[in-house]
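J.: Protein sequence lines correspond, in order, to chains A and B. In case it helps, our numbering puts the first sequence at residues 521 to 727. In case it helps, our numbering puts the second sequence at residues 521 to 727.
There are 2 protein chains.
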Amino acid sequence: MGRVTDTAAPERTTTRDRILTAALAAYGTDGYSATSLDALAEQLGIRKQTILYWFPSKQELFEAVIDDAAASLIEAFDMAASTGLTGMAQVEEIIRRVLRLAVRRPELLGLVREVSRPGSLSAARLVDRVAPTFARAADFLSREMDAGRFRRSDPSMLLLSLYSTVVGVAGELEVQRAIGLEPTLRVAVMRRRELVRFLRVALVEPI
Amino acid sequence: MGRVTDTAAPERTTTRDRILTAALAAYGTDGYSATSLDALAEQLGIRKQTILYWFPSKQELFEAVIDDAAASLIEAFDMAASTGLTGMAQVEEIIRRVLRLAVRRPELLGLVREVSRPGSLSAARLVDRVAPTFARAADFLSREMDAGRFRRSDPSMLLLSLYSTVVGVAGELEVQRAIGLEPTLRVAVMRRRELVRFLRVALVEPI
DNA sequence: CGATCCGTCTACCAAGTGGTAGAGAGATGG
DNA sequence: CCATCTCTCTACCACTTGGTAGACGGATCG
Chain A
521 MGRVTDTAAP
531 ERTTTRDRIL
541 TAALAAYGTD
551 GYSATSLDAL
561 AEQLGIRKQT
571 ILYWFPSKQE
581 LFEAVIDDAA
591 ASLIEAFDMA
601 ASTGLTGMAQ
611 VEEIIRRVLR
621 LAVRRPELLG
631 LVREVSRPGS
641 LSAARLVDRV
651 APTFARAADF
661 LSREMDAGRF
671 RRSDPSMLLL
681 SLYSTVVGVA
691 GELEVQRAIG
701 LEPTLRVAVM
711 RRRELVRFLR
721 VALVEPI
Chain B
521 MGRVTDTAAP
531 ERTTTRDRIL
541 TAALAAYGTD
551 GYSATSLDAL
561 AEQLGIRKQT
571 ILYWFPSKQE
581 LFEAVIDDAA
591 ASLIEAFDMA
601 ASTGLTGMAQ
611 VEEIIRRVLR
621 LAVRRPELLG
631 LVREVSRPGS
641 LSAARLVDRV
651 APTFARAADF
661 LSREMDAGRF
671 RRSDPSMLLL
681 SLYSTVVGVA
691 GELEVQRAIG
701 LEPTLRVAVM
711 RRRELVRFLR
721 VALVEPI
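(1) Please report the distance separating the alpha-carbon of Q781 (chain A) from that of T534 (chain B).
(2) Using the Cα positions of R668 (chain B) and A655 (chain B), report the straight-line distance between them to the nearest angstrom.
(3) Please confirm whether L544 (chain B) and V585 (chain B) have their CB atoms less than 8 Å apart.
(4) Taking L680 (chain B) as the query, report the chain A residues whose CB atoms sit under 9 Å from its CB, ordered along the chain.
(5) Residues of chain B with CB closer than 7 Å to the CB of S553 (chain A), please, in chain order.
(6) Going by the CB atoms, is the gap between I615 (chain A) and A601 (chain A) shorter than 8 Å?
(7) Could you check whether S642 (chain B) and V635 (chain B) sit closer than 8 Å to each other, using their CB atoms as the reference points?
(8) So which residues of chain A does R633 (chain B) contact, with C-beta pairs closer than 7 Å?
(9) Assign A622 (chain B) to one of three DSSP states: helix, strand, or coil.
(10) List the residues of chain B that S684 (chain A) touches, going by C-beta distances under 7 Å, in chain order.
(11) Mind checking if Q722 (chain B) is an interface residue toward chain A, Cβ cutoff 8 Å exclusive?
(12) Does L629 (chain B) pass the burial test, meaning 16 or more other C-beta atoms within 10 Å, or should it be called exposed?
(13) Whole alpha helix (DSSP H) runs in the region 609-664 of chain A with 4 or more residues, listed along the chain?
(14) Helix, strand or coil for P576 (chain A), going by three-state DSSP, please let me know.
(15) Using a Cβ-Cβ cut-off of less than 7 Å, list which residues of the region 577-607 of chain A approach chain B; keep chain order.
(16) Are A722 (chain A) and F718 (chain B) closer than 8 Å when you measure CB to CB?
(17) Does the contact criterion of 3 or more C-beta pairs under 8 Å hold for the region 557-570 of chain B versus the region 589-599 of chain B?
(18) Check this for me: beta carbons of T728 (chain B) and G639 (chain A), under 8 Å apart or not?
(19) Rounded C-beta distance between E694 (chain A) and S681 (chain B)? I'm assuming under 8 Å.
(20) Buried or exposed, going by whether 16 or more other CB atoms sit within 10 Å of the CB of T555 (chain A)?
(21) Please identify the residue among A:L572, A:S684, A:E692, A:Q696 whose C-alpha is closest to the C-alpha of E692 (chain B).
(22) Does G551 (chain A) pass the burial test, meaning 16 or more other C-beta atoms within 10 Å, or should it be called exposed?
(23) Within 10 angstroms of its Cβ, does E595 (chain A) collect 16 or more other Cβ (buried), or is it exposed?
(24) Quick test of your reading: R720 (chain B) and M608 (chain B), contact by CB under 8 Å. State the CB separation rounded to the nearest angstrom.
(25) Excluding sequence positions up to five away, which residues of its chain have a Cβ less than 6 Å from the Cβ of T653 (chain B)?
(26) Using the C-alpha atoms, what's the distance from M665 (chain A) back to P675 (chain A)?
(27) How long is the line joining the alpha carbons of R625 (chain A) and V687 (chain B), rounded to whole angstroms?
(28) So, is the C-beta of E714 (chain B) closer than 8 Å to a C-beta in chain A?
(29) For I571 (chain B), which of helix, strand or coil comes out of DSSP?
(30) Using CA coordinates, which residue listed in A:L678, A:V632, A:R663, A:V618 is at the minimum distance from V709 (chain A)?
(31) Contact criterion: CB-CB distance below 8 Å. Does F718 (chain A) meet it with respect to chain B?
(32) For T704 (chain B), report the span of its alpha helix (DSSP H) as first-last.
(33) Span of the alpha helix (DSSP H) holding L564 (chain B)?
(34) Answer yes or no: does any C-beta atom of chain B fall closer than 8 Å to that of V524 (chain A)?
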């Protein structure tokens with residue numbers, strides 16, 4: 521039935537990991553139902569039954585993928601949040617990381633989009649995983665407001681705004697790609713600058 | 521083979537229209553590949569073959585749906601843009617309309633998301649349809665900058681920012697829904713206020 | 001060496017997929 | 001009243017889907 525949990529043992533990429541990685545990419549870009557187990561297997565050079573050996577069903581593979589993606593997102597976020605920076609410098613650092621993640625691993629944000637579909641049974645799973653990180657971010661904003669570095673407002677609300685803005689910009693890079701305009705590094709950097717200026721004005725400048 | 525174009529004749533809801541409407545809703549919320557012709561037909565109380573009579577293939581139905589959605593989006597936008605307002609008042613009006621559309625017909629933005637997937641063959645189609653409206657909006661921004669009502673910057677870039685921000689907020693309402701928190705009217709209004717303040721500061725206030 | 005376990009495979013299967021062929025019912029019009 | 005056209009249907013079909021059953025080979029271990 522396959523190992524249920526991988527106890528972070530120092531092994532090279534196992535079959536299970538390869539499946540997870542490929543599934544994350546496929547589900548994140550093409551979507552869950554557009555990705556068949558057969559296609560996934562062929563892409564990996566294995567048989568579908570090997571996938572079903574490690575993950576009892578397609579749905580359970582999806583859930584494992586969600587956990588995997590959540591871990592990546594949380595790791596990236598924590599990395600950016602553990603610098604000890606404050607105020608806009610911290611926000612800027614996080615934006616830098618998130619956008620870099622959006623460019624390097626677009627499938628991650630794609631998966632978030634896929635999961636946040638209305639009626640998605642797995643939305644709750646991702647939300648659960650990410651909730652603590654979300655709470656910590658809200659705390660940070662709250663502290664910064666107390667310190668007078670950010671204009672006062674409701675932290676959760678503000679966080680939702682930040683989330684939607686940053687994800688919006690990240691998604692916009694995908695739109696550019698959809699238009700056929702491959703987003704160059706230069707364009708991405710320009711967009712980030714603009715976004716940061718945008719946020720600085722909204723977050724810290726007095727009305 | 522079914523009529524190719526509907527010459528805007530004043531008829532009550534035809535079978536073709538009913539199919540289009542249901543398909544837009546299904547593709548926009550569940551996605552293209554997650555929606556089978558059989559499921560669509562059953563939901564409409566007809567047979568799959570009736571759908572295939574009006575639309576020769578699933579792909580062509582999708583394209584018709586895209587055109588339909590584009591028309592709705594353009595109509596809503598033009599309505600908001602034909603008020604003769606200027607500056608932030610105009611922007612605010614458009615945001616009001618877009619967010620209302622996002623709440624009332626979430627499937628529309630869902631379809632946009634679905635189409636803007638990387639590798640989507642239909643992305644170009646939607647972009648084509650929307651391009652003129654996009655150009656007109658950029659012109660508007662340009663004129664407002666000339667008139668000194670908006671801070672000067674690259675109109676297309678700014679438009680992309682506005683697009684991503686507004687769509688981000690709209691998508692965020694979906695995230696709220698995914699979390700289980702049904703977005704009340706009050707919350708939606710608050711979010712819009714915040715967004716407008718956000719944009720006002722970024723668009724018109726001097727740095 | 002023999003028994004057991006692990007990982008991948010071949011061989012199937014029932015259900016669902018998009019799509020074809022064509023019958024039949026009703027309206028329309030010469 | 002017959003011919004034609006429009007629309008929806010039944011009957012199929014080839015292929016793909018997720019999933020089951022179990023064989024096979026290699027490693028591990030008593």
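C-beta: ideal position from N, C-alpha, C; glycine also. Owing to the predicted nature of the structure, the values given are computational and were not obtained by experimental measurement.
T.: In short:
(1) The question about residue 781 (chain A) has no answer, for chain A in this structure spans 521 to 727.
(2) At residue 668 (chain B) the sequence reads Gly, which differs from the Arg that was named. C-alpha separation (whole angstroms): 20 Å.
(3) yes
(4) V689, E692, V695, Q696, R711
(5) G551, S553, A554
(6) Result no, Cβ atoms of A601 (chain A) and I615 (chain A) do not sit closer than 8 Å.
(7) yes
(8) R633
(9) helix
(10) G688, V689, G691, E692
(11) A small correction: the amino acid at residue 722 (chain B) is Ala; Gln does not occupy that position in the sequence shown. Yes, contact with chain A.
(12) buried
(13) 626-635
(14) In the structure shown, P576 (chain A) sits in coil (DSSP, three-state: anything other than H, G, I, E or B).
(15) Against chain B - using a Cβ distance shorter than 7 Å - the region 577-607 of chain A contributes no residues.
(16) In this structure, F718 (chain B) lies closer than 8 Å to A722 (chain A) by Cβ.
(17) The answer is no - the region 589-599 of chain B does not touch the region 557-570 of chain B, with fewer than three Cβ pairs under 8 Å.
(18) What the structure shows of chain B is the stretch from 521 to 727, and residue 728 (chain B) is not part of that stretch, so it cannot be assessed.
(19) Incorrect: roughly 15 Å between the Cβ atoms, too far for contact.
(20) buried
(21) A:S684
(22) It counts as buried.
(23) exposed
(24) 5 Å
(25) I594, F597
(26) 9 Å
(27) The straight-line gap from Cα to Cα measures roughly 21 Å.
(28) yes
(29) helix
(30) A:V618
(31) yes
(32) Per DSSP, T704 (chain B) belongs to no alpha helix (DSSP H) and is neither H nor E.
(33) 557-564
(34) Here the model assigns V524 (chain A) a pLDDT of 39, short of 50, so the residue's position is not dependable and the matter cannot be decided.
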